[in-house]
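A.B. asks: Letter by letter, the sequence shown follows residues 6 to 244 of my numbering.
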Amino acid sequence: MDFKILLVKPRNPDNIGASARAMANFGLEDLRVVAPDIAVWRESVETLRAAVGAGHILHAARVFDFITEAAADCRVLLGTSSLHRLTPERDVISLPDLNKYLAGREGPAGILFGSEKTGLTKDDLSHCHAILNIPTGEKQPSMNLGQSVALVCYELAAAGKAPRRQRPVAPSPCVQETERMVSQICVRLREIYGPAWNGAGRAREIRRSLLDARLTKGAMNTLKALLRPSDAASKRTYP
Numbered sequence: 006m007d008f009k010i011l012l013v014k015p016r017n018p019d020n021i022g023a024s025a026r027a028m029a030n031f032g033l034e035d036l037r038v039v040a041p042d043i044a045v046w047r048e049s050v051e052t053l054r055a056a057v058g059a060g061h062i063l064h065a066a067r068v069f070d071f072i073t074e075a076a077a078d079c080r081v082l083l084g085t086s087s088l089h090r091l092t093p094e095r096d097v098i099s100l101p102d103l104n105k106y107l108a109g110r111e112g113p114a115g116i117l118f119g120s121e122k123t124g125l126t127k128d129d130l131s132h133c134h135a136i137l138n139i140p141t142g143e144k145q146p147s148m149n150l151g152q153s154v155a156l157v158c159y160e161l162a163a164a165g166k167a168p169r170r171q172r173p174v175a176p177s178p179c180v181q182e183t184e185r186m187v188s189q190i191c192v193r194l195r196e197i198y199g200p201a202w203n204g205a206g207r208a209r210e211i212r213r214s215l216l217d218a219r220l221t222k223g224a225m226n227t228l229k230a231l232l233r234p235s236d237a238a239s240k241r242t243y244p
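#1: Return the residue from the list 76, 35, 194 and 157 that minimises the CA-CA distance to residue 1.
#2: Please report the straight-line C-alpha distance between residue 192 and residue 198, rounded to a whole angstrom.
#3: Just to confirm, is the Cβ distance from residue 37 to residue 67 under 7 Å?
#4: Could you pull the start and end residues of the alpha helix (DSSP H) that residue 246 belongs to?
#5: Under 7 Å, do residue 63 and residue 55 count as touching if we go by C-beta distance?
#6: At which residue ranges does the segment 35 to 64 contain complete beta strand (DSSP E) runs of 3 or more residues, listed in the order of the chain?
#7: Could you tell me if residue 131 is buried or exposed, where buried requires 16 or more neighbouring beta carbons within 10 angstroms of its beta carbon?
#8: Over the uninterrupted beta strand (DSSP E) stretch that includes residue 67, give me the two end residues.
#9: Whole-angstrom Cβ separation of residue 82 and residue 138, contact assumed at under 8 Å?
#10: With 16 as the cutoff for other CB atoms within 10 Å, does residue 92 come out buried or exposed?
#11: For residue 190, write down the residues that DSSP places opposite it in a beta bridge.
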């Protein structure tokens with residue numbers, strides 16, 4: 006689905022730049038600014054400084070006077086709100102459920118973000134199909150504009166994307182190798198503490214510890230090397 010990020014009456018050039026950077030981080034490119042508080046935000050040093058790596062998004066961003074113009078081609082329009090002192094008049098979607106809500110709907114989809122000072126008004130939200138809420142703590146329900154855009158962009162980008170290449174899974178030791186290690190540890194501990202340190206119960210404790218640790222075969226070999234008796238231990242004798 007094609008996504009549009011719409012900033013309504015943004016006041017701080019830093020936040021416009023941070024929003025553009027967040028979009029670039031997660032592969033979104035269509036930024037639309039509605040009635041910005043500062044007319045020259047695009048050329049502002051603050052905007053450019055906050056939009057590292059996202060100059061192309063700022064350059065292509067379009068400016069509109071009204072939400073209806075900015076969202077004219079959107080088949081789905083969601084307005085963000087903390088719901089602080091607001092009785093919702095639309096269905097409320099929690100951010101973790103965003104992609105479930107969008108599944109099966111036809112795009113483009115626009116995500117509306119309000120002014121840093123007031124957020125989206127009831128009139129702004131009246132244009133939206135639903136309200137998008139980012140779960141936050143009750144003591145601080147509102148979020149910085151750039152942070153909000155980043156969280157939403159991450160959620161949108163996460164849908165249907167394969168994870169980045171991960172570290173290869175290391176092979177695990179087989180049962181035989183584990184049992185061999187248990188025996189070696191028991192022998193080593195008897196060398197250190199004497200014949201008193203012995204018994205099936207001790208072996209079970211060691212086996213459980215090794216299994217709980219989920220050691221890889223390589224880690225098991227390293228442990229084996231550490232268990233090689235030192236000269237001092239090999240010369241020690243017990244009655």
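Yeah, the Cβ is synthetic: ideal placement off N, Cα and C, and Gly gets one too.
C.D. replies: Taking the coordinates as given:
#1: Residue 1 cannot be examined here, being either before or after the span of the chain that is shown, 6 to 244.
#2: Near 10 Å, if we compare the C-alpha coordinates of residue 198 and residue 192.
#3: yes
#4: Only positions 6 to 244 of the chain appear in the structure, and residue 246 is not among them; the question remains open.
#5: no
#6: 35 to 39
#7: exposed
#8: 67 to 69
#9: In fact, because the Cβ distance is near 15 Å, the residues do not count as touching under 8 Å.
#10: Classification of residue 92: exposed, given that the 10 Å Cβ count is below 16.
#11: Answer is none; residue 190 lacks a bridge partner.
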